[in-house]
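A.B. asks: Please read through the structure below; I'll follow up with questions.
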Amino acid sequence: MDCLFCKIIAGDIPSSKVYEDEAVYAFKDINPQAPVHVLVVPKAHIESADCINSDNSDAVKAVFEAIPKVAASLGLVNGYRVITNIGEDGCQSVRHIHFHVLGGKKLPENMG
Ligand code: AMP
Ligand code: ZN
243 MDCLFCKIIA GDIPSSKVYE DEAVYAFKDI NPQAPVHVLV VPKAHIESAD
293 CINSDNSDAV KAVFEAIPKV AASLGLVNGY RVITNIGEDG CQSVRHIHFH
343 VLGGKKLPEN MG
């Protein structure tokens with residue numbers, strides 16, 4: 243499958259890994275928007291949050307179980323933000339569901 247994040251998960255494209263378990267992979271965003279900016283993705287290919295259903299939601303559950311571990315390992319003791327962009331209007335550029343974890347400073351209130 244021609245999917246950038248599937249290739250990163252497979253190790254075919256290099257990434258700065260910060261966390262991995264059997265269902266989840268997390269790595270530093272190549273274009274950080276905050277002092278800490280990582281992407282947390284399920285290893286299973288799901289196109290976006292708009293495609294979550296009862297057949298694939300275990301992968302999303304695993305992501306949200308991993309996020310507090312990722313945040314703790316990155317020292318985000320004061321809070322952080324989790325964002326997932328969906329489709330064209332959501333400005334989703336990679337069509338493998340991913341959750342941006344942003345922090346390391348007081349983030350702007352404006353969500354666009
Ligand atoms: P989105 O716009 O929500 O689809 O987010 C895609 C994110 O992937 C952007 O923040 C990019 O900076 C990031 N990104 C693209 N290519 C890579 C890569 N090779 N390694 C790490 N992050 C990437
Ligand atoms: Zn994929």
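Residue numbers for the sequence shown follow this note's numbering, so the first one is 243 and each next one is one higher. Beta carbons are placed, not taken as given, at the ideal position from N, Cα and C, and that holds for glycine.
(1) Helix, strand or coil: which one does DSSP assign to LEU344?
(2) Which residues in the same chain as TYR261 place their Cβ atom closer than 7 Å to its Cβ, once the five residues preceding and following it in sequence are excluded?
(3) CB of ASP244 to nearest heavy atom of the ligand AMP: below 6 Å?
(4) Tell me ALA268's beta-bridge partners as DSSP assigns them.
(5) Would you mind working out which of GLY346, ALA304, VAL280 and CYS333 sits nearest GLU264, comparing C-alpha positions?
(6) If you drop the 5 nearest sequence neighbours on each side, which residues of the same chain put their C-beta closer than 6 Å to that of LYS270?
(7) Should ASP297 be listed as close to the ligand AMP, given that the test is whether its C-beta is under 6 Å from any heavy atom?
C.D. replies: Well, looking at it:
(1) For the purposes of this step, residue 344 is taken as residue 102 along the sequence shown, with counting starting at 1. In the structure shown, LEU344 sits in a strand (DSSP, three-state: E or B).
(2) On the sequence shown, position 19 is the one that residue 261 refers to. So the list reads ALA268, ALA308, LYS311, VAL312 and SER315, once near-sequence residues are dropped.
(3) By one-based count along the sequence shown, residue 244 stands at place 2. No.
(4) Numbered from 1 along the sequence shown, position 26 holds the residue referred to as residue 268. According to DSSP, which records beta bridges pairwise, ALA268 is partnered with TYR261 and VAL282.
(5) The sequence position of residue 264 within the sequence shown is 22, counting from 1. Among GLY346, ALA304, VAL280 and CYS333, the Cα nearest to that of GLU264 is on ALA304.
(6) Numbered from 1 along the sequence shown, position 28 holds the residue referred to as residue 270. So the qualifying residues of the chain are SER258 and VAL280.
(7) Walking along the sequence shown from the start, residue 297 turns up at place 55. No, since every heavy atom of the ligand AMP falls outside the 6 Å radius drawn around the Cβ of ASP297.
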